[in-house]
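Working notes, beginning with the structure itself.
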Amino acid sequence: MVMIKELQSEKEILAAFPVVKQLRTHLDESEYLEFVIEAQGKDRYKMLALFEEDEIVAVIGFKPMVTLYYGRFVWVCDLVTDQKKRSKGYGEKLLTYVHEWAKNHHYEQVALSSGLQRESAHRFYEQKMDYEKVSYVFKVSLKK
């Protein structure tokens, strides 16, 4: 049985770390927990897990936003399926769930960024999920 559930308690959030770590390799468990809790409190960040039986096999994190460019939209911050469970439609299920959440909460679009090297993810977003490539994302580190 497959089930999607929002993760809210520290215990639930920590249970997702082994899967999230596969995408966010730079984070240790304490940073991860700190960032999720802060984002939930300050940015309305939501983290959902897709369970197969009682095992977390995929995780999505998103937040509703408003900007002049996109208007009212949902930004997908994180989407990862356990590497042992890929190509079973779990990412599609989670992203479709977020699309429905966005519609139900009166958001007009869903957007995300994806690392340049993640070509198979790009094919998934464009070919399977009908996303279009609309920009590049730039960043600068302020740590010196």
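Going by this note's numbering, the first residue of the sequence shown is number 16, and it counts up by one from there. Just so it is clear, CB atoms sit at the ideal spot from N, CA and C, and this is done for glycine as well. In this text, all values refer to a predicted model and were calculated from it rather than measured experimentally.
- In this structure, DSSP gives E67 an extended state, which the three-state scheme calls strand.
- By a beta-carbon distance limit of 8 angstroms, V34 contacts I71. Their separation comes to about 6 angstroms.
- Counting the other CB atoms within 10 Å of its CB gives Y84 a total below 16, which places it among the exposed residues.
- Apart from sequence neighbours up to five positions away, the residues of its chain that approach H137 with a beta-carbon distance below 7 angstroms are S129, ordered along the chain.
- In the DSSP assignment, W90 forms a beta bridge with K78, A126.
- E67 is positioned such that its CB atom lies closer than 8 angstroms to that of V17.
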